[in-house]
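Every letter in the sequence shown is one number past the one before it in my numbering, and letter 45, counting from 1, is 45.
No residue lacks a Cβ here, since even glycine has one placed at the ideal position from N, Cα and C.
Note that the structure is a prediction, hence the values are computed from the model and not measured.
See structure below.
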Amino acid sequence: MNIIVNGESKTIQAHTIKEVIDHYGLTGKPIVVEVDGAVLTSDHWEHTTLRDGMKIELVHFVGGG
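If you want it as structure tokens, here you go:
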């Protein structure tokens with residue numbers, strides 16, 4: 001599957017958005033997922049299947065001080 005993640009073209013074996021999140025080690029972290037320009041809530045991650053050329057933005061938050 002060829003997708004675009006955070007502006008970079010990637011070939012990945014994942015089939016769902018949740019699998020992409022797992023692949024990048026972001027499971028359980030506070031993140032926002034945008035798919036083709038629309039924010040996707042976490043209750044849809046497991047059921048949203050990837051399509052060739054899909055554009056995904058993964059934004060994770062880091063605290064510090």
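Judged by their CB atoms, residue 58 and residue 5 are nearer to each other than the 8 Å cut-off. About 12 Å separates the beta carbon of residue 17 from that of residue 32, a gap too long to meet the 8 Å contact definition. When secondary structure is reduced to three states using DSSP, residue 62 falls in the coil class, being assigned neither helix nor strand.
Residue 21 is positioned such that its CB atom lies closer than 8 Å to that of residue 45.
A direct Cα-Cα distance of roughly 32 Å separates residue 14 from residue 64.
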